[in-house]
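**Q**
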Amino acid sequence: MPERPRPAQVWLHAGFHKTGTTALQSRLEENRAALSARFHLATLRTDPDLRQVTEAARRHSETGDALDLAVFRAMATGWLASLPITRGQSILISSEDFAGHMPGMRGLRDYGAAIPLAQAFHAAVGDAFGKGTACTFVYTTRAADPWLASLHAQQARHAHLTLDRDDFANAFRPAADLGGVVARIATAVAPAPVHRIALEDAAAHRLGPAGALLALCGCAAADLDRLQPPVRTNPALSPDLVAAFVALNRAGLPRDILRARKDALLQNSPAATAPQFPVSAAGETR
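Read in the working numbering, the sequence shown has 1274 at position 192, and its numbers run on one by one without any break.
#1: My understanding is that Ile1167 touches Trp1093, with C-beta atoms under 8 Å, so please give their C-beta distance in whole angstroms.
#2: Taking contact to mean 3 or more Cβ pairs, one atom from each stretch, closer than 8 Å, check whether the segment 1234-1248 and the segment 1296-1310 are in contact.
#3: For Met1157, collect the residues of the same chain with a Cβ closer than 7 Å to its Cβ; drop the 5 residues on either side in sequence, then sort them by chain order.
#4: For Phe1211, which residues from the same chain have a beta carbon less than 6 Å from its beta carbon, with the 5 sequence-adjacent residues on both sides left out?
#5: Starting from His1204, trace the alpha helix (DSSP H) both ways and give me its first and last residue.
#6: Would you tell me roughly how many angstroms separate the C-alpha atoms of Arg1224 and Leu1132, rounded to the nearest one?
#7: Where does Leu1281 fall in DSSP's three states?
#8: Starting from the Cα of Val1264, find the closest Cα among Glu1144, Phe1098 and Phe1203 and give me that residue.
#9: Can you give, in chain order, each stretch of the beta strand (DSSP E) that sits fully within the segment 1301-1338 and has at least 3 residues?
#10: On the DSSP letters alone, give me the boundaries of the beta strand (DSSP E) that Ser1164 sits inside.
#11: Does the segment 1145-1163 come within contact of the segment 1200-1208, defined as at least 3 CB pairs closer than 8 Å?
#12: If you follow the alpha helix (DSSP H) that Thr1103 is part of, which residue opens it and which one closes it?
#13: Go to His1234, then tell me how far its beta strand (DSSP E) extends in each direction, as first and last residue.
#14: Can you give me the Cβ contacts of Ser1143 inside the same chain, cut-off strictly under 6 Å, excluding the 5 residues immediately before and after it?
#15: If you measure between the beta carbons of Ala1220 and Ile1267, is that distance less than 8 Å?
#16: With a Cβ-Cβ cutoff of 8 Å, do Pro1291 and Leu1298 count as a contact?
#17: When the Cα of Ala1119 is compared with those of Phe1250, His1095, Gln1171 and Asp1283, which residue comes out closest?
#18: Is Thr1269 helix, strand or coil when you go by DSSP?
#19: Using the rule of at least 16 other Cβ atoms within 10 Å of the residue's Cβ for burial, across every protein chain shown, is Arg1086 buried or exposed?
#20: Rounded to the nearest angstrom, what separates Asn1331 and Thr1218 at their Cα positions?
#21: Who are the near neighbours of Asp1246 in its chain, counting only those whose CB is closer than 8 Å to its CB and skipping five residues on each side?
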């Protein structure tokens, strides 16, 4: 029986939420065929089986339980080993849920779980492909104020959020030190490389954060020039609409009525759009 090929490298873009991740993943997916000689690409949209792994990561972030972390490692190992890679390919994975739930969800105050999750994933790469398999972590970050505003706008869609934007920002400002989390991850998974891409810097790239990521992965400028640029923007909730959602959340409405009223507000609101990679507005780019 022929030996399964080992990936040339495993690249994991593991977060963070609201740092342009949806736009980044869309660019990768749109250029999947052009990238296929070099990368086996895995996102939640290209590989439905990845979801069971990211759900295990989110579960551990919620419980902090060692058994849940072991389950995540085992599921990541099995999933990695099942990937149909060809000789010479690297694996490129992008999902912010590898950092767990975003702060503010399920009672989480920060990204503390991202550190053990990175350690467990690094171990899973060795379990799946053998010790010494190259594994590199990449995290996209964003300046504190726009990140907190975007996090608040995202969670205003959910019934649990009753804080206005300023109170939310004050409550979760310690979680906005994303660079500090990356530094802790780098220490935890050393000597595996850990890189940080600031959204403010990546926004200038023709392909946005995806271009910055692919350049980091070793793609030559000439190869990047052949890839398709962004074709759509992500909608942003206006500040007034976010405030209206928070007011509805405070009203104690039954969940079905709350959802219906939010849907009605969305339908009657002019479609708001943000820059493709917003860095200073309360947008909905992930």
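Idealized CB from N, CA, C, for every residue including glycine.
The model shown is predicted, which means the values in this text are computed figures rather than measured ones.
**A** For this structure:
#1: That pair is no contact at about 13 Å.
#2: no
#3: Gln1134, Val1135 and Ala1138
#4: A distance below 6 Å between beta-carbons, with the five flanking residues on each side excluded, links Phe1211 to the following residues of its chain, in chain order: Arg1088.
#5: Per DSSP, the unbroken alpha helix (DSSP H) holding His1204 starts and ends at Ala1196 to Phe1211.
#6: 25 Å
#7: helix
#8: Phe1098
#9: none
#10: Looking at the DSSP string, Ser1164 is not in any beta strand (DSSP E); the run it does join, the alpha helix (DSSP H), is Ala1148 to Ser1164.
#11: Between the segment 1145-1163 and the segment 1200-1208 there are three or more C-beta pairs closer than 8 Å, enough to call the two in contact.
#12: Thr1103 to Glu1112
#13: That residue, His1234, is in no beta strand (DSSP E); its alpha helix (DSSP H) goes Ala1226 to Gln1237.
#14: Gly1182, His1183 and Ala1195
#15: One detail in the question is off: residue 1220 reads as Val in this sequence, not Ala. Taking 8 Å as the Cβ cut-off, Val1220 and Ile1267 do not qualify as a contacting pair.
#16: no
#17: Gln1171
#18: Thr1269 falls in the helix class under three-state DSSP.
#19: exposed
#20: About 41 Å.
#21: Within the same chain, Ala1325 and Val1328 come within 8 Å of Asp1246 by CB-CB distance, once the 5 residues on both sides are set aside.
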